[in-house]
Amino acid sequence: MSGITINAILKAKPGKEEALFEVLQEVVEPSRKEPGCVEYILHRSIEDSSIFVFYETWKDIESIEAHIQSSHYKEYRCKAEDLYETRKVLKLKKY
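Residue numbers for the sequence shown follow my numbering, so the first one is 104 and each next one is one higher.
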């Protein structure tokens, strides 16, 4: 399957792990319902409970751009802003 995969890796600030987890969970279901979303999965590290990883697959770049403009995505970014110390997003193409 073609498409674009995104890995978003977030590390919660100390003491903010559960609050960040709750905010991240809120964005999953609405994102899965978006046109162009193939999969949208939230993971939590079993070795470090402050690390969360989104594994997402989108049909195309336009689907990703629409996702970023969605109200639920913007709300998640606003709520999560003070809860994480690092956030890295990788856009990946399968070969």
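Note that the Cβ used here is the ideal one computed from N, Cα and C, for glycine as well.
Per DSSP, what are the beta-bridge partners of residue i in this structure?
| i | result |
| --- | --- |
| ALA115 | TYR187 |
Look at the Cβ atom of residue i, then the Cβ atom of residue j, and state whether they are nearer than 8 Å.
| i | j | result |
| --- | --- | --- |
| TYR176 | VAL126 | no |
| ALA115 | LEU123 | yes |
| ILE109 | LYS182 | no |
Could you check which residue in the options has the C-alpha nearest to that of residue i?
| i | options | result |
| --- | --- | --- |
| HIS146 | LEU195, ILE154, CYS140 | ILE154 |
| GLU132 | HIS170, GLY106, ILE149 | HIS170 |
| TYR158 | ASP151, ILE167, GLU150 | ILE167 |
| SER173 | CYS140, LEU113, PRO117, ILE149 | CYS140 |
| SER148 | THR160, SER134, GLU120 | GLU120 |
| LYS162 | GLY118, PRO117, VAL156, LYS197 | LYS197 |
Run through DSSP, which three-state label would residue i get?
| i | result |
| --- | --- |
| ILE167 | helix |
| LYS194 | strand |
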